[in-house]
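Residue numbers (our numbering), protein chains in the order written: chain A, 1 to 335; chain B, 1001 to 1593; chain C, 2001 to 2327.
The block underneath contains the structure these notes are about, expressed in structure tokens.
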């Protein structure tokens, strides 16, 4: 039973745990850097500076900044464009030296990691939102409904899960590409938006299943029976009584879904189905980095950078998930 | 207690079941380890089919060339026509009638003799529209062939009989046979054409037996390893999709004494980095593609063989869509491409900047070239001037963002980025990259729903016409919407002409193409083969054809000699393969020659 | 149990039909066809080629012919192909048809060659992962807070955080190139399966380790374990007989998603290690518009996922009778 006081207790418990605090802080920094990416004095992630080989990392104590910043070549959305303008005024010609090295086309890896985090975060958000909006509702409705409706709804989920995900991605992207021009002009929807839509469309299934299981168990709980007897409408039962109590399960499922979505994005990029240049994502960086692993020439920084980025964020998410589960666990809240 | 016992029993059952399933799976799927082949190479994508009449792609061509032999074969080094199944031939003085004397004693793997009748039947099959052979048009120079293939009646069957086609099997003295072919017009390249793998013979008896045995699936059955009947230096031993095709030496081949390797594996590996790893560990002796990133390191090695290749990389321009209907805009775009940068920094495997439609490495060809300035800077100035003249750029209208279409592949993306960058920097144009999956990309190109689209063209035969004919009006490979009656007229006149008139007309046609520029030429391909230094019989040529028949392993002495003769400065690499070499029974070790 | 399984079977058939139908029509809605190539075919030739595979028929007719018993070919003597070739016998007759991309083989051939390999790889990966993960989780729980615990949890975190293809490449670099003890790619024996299985199973092992550790920790602090210890039982018995089952339950419920993860992870691993498994057919059949192979793969995948889910539910019901409430 989560009341306002209960929820405040959860928050307090979460912040009290050192590990969870550190994870929250780290994720906050990542999110902030990602949001403020156009403002940071980083080199352009997409401007080409053709060279023969990738340059190894230059440690910050050797060289901090250099001149000769080339402006970003992409068409940026207006908030980003404003930030980019601000950056020009603040830093002018300066940009950071290649602290993480460059790839063979001269693109700074640090800049690509920071900008790439946007794609990963957006994918995570899309999946999270879809899971929360569609998955929770669908699962709760199925859980509260009669046996036949519930059965039908769950078999539909089964069916959707049985469709190979990669097929769906390829087909949806192919179909969207065919109508690319109309979509762009009428709805302002680009290829990237479709990519995130597809990710969202597939992520809500596990959440629905998990929530439905939990709601079915809760259905027999006394407080739900009481609400039902006292004449509460199904909607009220759903939103006021049931949903707040599936929160632990939802959170637990989210902390498993989001890392898996980020890895899925990497996997799709490896297959060439992810976002396209000049956009960059951690998946593309990882896929590029994999090409660099061979006995002829090992440009280890091309793998280390995205792996570190992806790894640290996933680790933080996992640890935060553990902390959230502990904080929300009714046993620890009562005991 | 009872519940605990039964759950324990349950668990034990489940455990035992899992373990046994696992063992069975591993044993079954672990795969029988087969003995390694004498030689293995990476063949690229899995061949779609091994039916010679229907093949189109290079990996298929390699296997078919090893399995079958046509009338004429190509010399591995010079690409000149050599006797194949035809021991000798005569050409009439007017260049229309060819008579091929079939080799006596040549046999199929099922024991049947190879006769001219086999060739006549195979050519009929090739031309028959029901076979749906993509390269049937190669034989359209034969009198009556075009009509036979295109005059289609009820249910898709040809309405004319094959007797109207001027291909006849004749008896040759002494129990042999000869094949007579009469052309519509003299065609000096006809012998080259006959060396194409699509014009290989097919054993009629094996097809008909398969059809009788399994009427529903005969089209698949006759191609299986156990039943495929071939006449070439190798036969089909095993085939596993996406894994390998194992070829074994055909002891009944007429030249078996000069075939050195007993078994060869053609591996289908798609991931380039994996192919490189396989090569570097000695699992394969030849790969023909590497990730572009490694090219700069690999080209310093002694085993890196780069030679000009008859292939071009260019961008098609949608001539039907304004503003690209203005020739000046197209020329400006073409001039503002920094080909040197692309060739030196992006592809890095010895490609050459291309300013023509036909690659300059075409043997015996001197073609036209796109007019350009002394340096790239001059070209950029000229491009700006042209744009201004056309009414765009500063002081004029703004050009809309140009969409560059390419199919999903790192190398295409890189080139597109450089081109887009250059147009942005030098001409102030916004360019957007559109990456599409291969089939969607082709569909978009066909529907002319693009601004600029990436393309490439590879030659089948060393004939410049192949590169030019695709831009005639209405050709299904045109896909630019460009049409010029002068160009079409020159090409059809060249059909009737003989050398050197023919080349002159073709060069004139190319000049027109390069004025109008429905395409933006970028670079001419170069081969980038990594070949184990110990592998002999592998020659660089403009078609990048390396018939397996000629391969052998060098012994240490010959290897040392080859290395001594090679230009200095190349990085030595480890060789794999037998140190005693492996030579054909009819050859001796070649050191000291 | 029996009624439960029977119900599941019925739903399986219905789901399969729905999935097959949806895939069938969705696939053909995507632009591009199986015979598109840079060097475009002459229109007549292309039409003949498509006609050989009945791609010119109206969609509904193709659909029915694909499913089966309406063997439309044999009713018409003259089909393009000239000799009444029966191209599609129908899925219900066990015939998935010829592949449109690998034209010398039927879909049955292709799946028959590739599935056992993929299943072997998956089973090996899964078994190895469960074994390694359980062991790591138990040791970690027992030696909680120590250096071993830290090391194991760190490795687990690393395996979870790296995409499988990065892990695969690192494994290839370490164990096939720098230390040439295992083959770099390809098939030909059990040694070729080791690295791919490790790459596939590592994330699963990490998750299993985490779940086992948590479950073990909970059980170890429970009453009945303390009672067992108080009774003087040796530690080994306490761990294996009394505490371990508690750790197994969360692992068992994770096996379903784990197996699904192995299925999808195999796409990348099979590509990197050049293993001719069913995973490559997944991606390639969609990219090549190989309708028949894609349908075959979809059906097999659907059957596998459904089967796995059912198996997991069965295991659940065996281990925890309360779960029987949830159908």
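Note that CB positions come from ideal geometry on N, CA and C, so glycine has one too.
For clarity, every value in this text was computed on a predicted model and none was experimentally measured.
- A contact between stretches requires three or more CB pairs, one per stretch, nearer than 8 Å, and the stretch 1276-1283 of chain B fails this requirement with the stretch 1479-1490 of chain B.
- The count of Cβ pairs closer than 8 Å, one atom from the stretch 1074-1089 of chain B and one from the stretch 1560-1568 of chain B, stays below three, leaving the stretches out of contact.
- Going by DSSP, residue 2044/C is part of the alpha helix (DSSP H) stretching over 2043-2052.
- In the structure shown, residue 102/A falls within a strand segment according to DSSP collapsed to helix, strand and coil.
- Residue 1276/B and residue 31/A have their C-alpha atoms some 39 Å from each other.
- Assignment of residue 1389/B by DSSP, reduced to helix, strand and coil, places it in the helix class.
- With fewer than 16 other CB atoms across the displayed protein chains lying within 10 angstroms of its CB, residue 2231/C is exposed.
- The distance from the Cβ of residue 45/A to that of residue 108/A is about 7 Å, consistent with a contact at the 8 Å cut-off.
- Interface with chain A (8 Å Cβ-Cβ cutoff): residue 1276/B is included.
- When beta bridges are read from the DSSP output, residue 1181/B appears opposite 1098/B and 1167/B.
- Contact between residue 1464/B and residue 1365/B holds, since their C-beta atoms are separated by about 5 Å, short of 8 Å.
- With a beta-carbon spacing of about 6 Å, residue 136/A and residue 207/A fall inside the 8 Å limit used to define contacts.
- The Cβ atoms of residue 1535/B and residue 1551/B lie closer than 8 Å to each other.
- In this structure, residue 2168/C places its C-beta atom within 8 Å of the C-beta atom of residue 2272/C.
- For a Cβ distance threshold of 7 Å, residue set 162 of chain A lies close to residue 2302/C, ordered along the chain.
- Under a 10 Å Cβ-count criterion, residue 1192/B is classified as buried, with 16 or more other Cβ atoms of the shown protein chains found around its own Cβ.
- Excluding its 5 nearest sequence neighbours in each direction, residue 1181/B has C-beta neighbours in its own chain below 7 Å: 1098, 1142, 1166 and 1167, listed in chain order.
- Residues of the same chain with a CB within less than 6 Å of the CB of residue 1095/B, apart from the 5 flanking positions on each side, are 1186 in chain order.
- Ranked by how close their Cα comes to the Cα of residue 1462/B, the residues 1307/B, 1267/B and 1361/B have 1361/B in first place.
- The DSSP-derived three-state label of residue 1407/B is strand.
- Scanning chain A for C-beta atoms nearer than 7 Å to the C-beta of residue 1242/B yields nothing, as the closest lies near 16 Å away.
- With distances taken between CA atoms, residue 2195/C lies nearest to 2180/C out of 2180/C, 2313/C, 2293/C and 2254/C.
- Secondary structure of residue 162/A (DSSP, three-state): helix.
- The Cβ atoms of residue 1300/B and residue 1574/B lie no closer than 8 Å to each other.
- Annotated as proximal: residue 218/A and residue 224/A, with beta-carbon spacing under 8 Å.
- Closer than 8 Å at the C-beta level to chain C, one finds these residues of the stretch 1220-1231 of chain B: 1220, 1223 and 1224.
- Going by beta carbons, residue 1404/B and residue 1383/B fall outside the 8 Å limit.
- Between residue 1436/B and residue 1475/B, the gap from beta carbon to beta carbon reaches 8 Å or more.
- Comparing alpha carbon positions, the residue from 1070/B, 1093/B and 1125/B closest to residue 1101/B is 1070/B.
- With its beta carbon at least 8 Å from every one in chain B, residue 16/A lies outside the interface.
- For residue 2003/C, no chain A residue has a C-beta closer than 9 Å to its own C-beta; the minimum C-beta separation is roughly 14 Å.
- Listed by position along chain B, the residues whose Cβ is nearer than 9 Å to that of residue 2037/C are 1056, 1057, 1134 and 1442.
- Residue pairing by DSSP places residue 1203/B opposite no residue, since no beta bridge is assigned to it.
- Nearest in C-alpha terms to residue 2108/C, of all of 2296/C, 2140/C, 2220/C and 2039/C, is 2296/C.
- Taking one beta carbon from each stretch, the stretch 286-301 of chain A and the stretch 1439-1453 of chain B have fewer than 3 pairs nearer than 8 Å; the two do not touch.
- The beta carbon of residue 50/A sits closer than 8 Å to some beta carbon of chain B.
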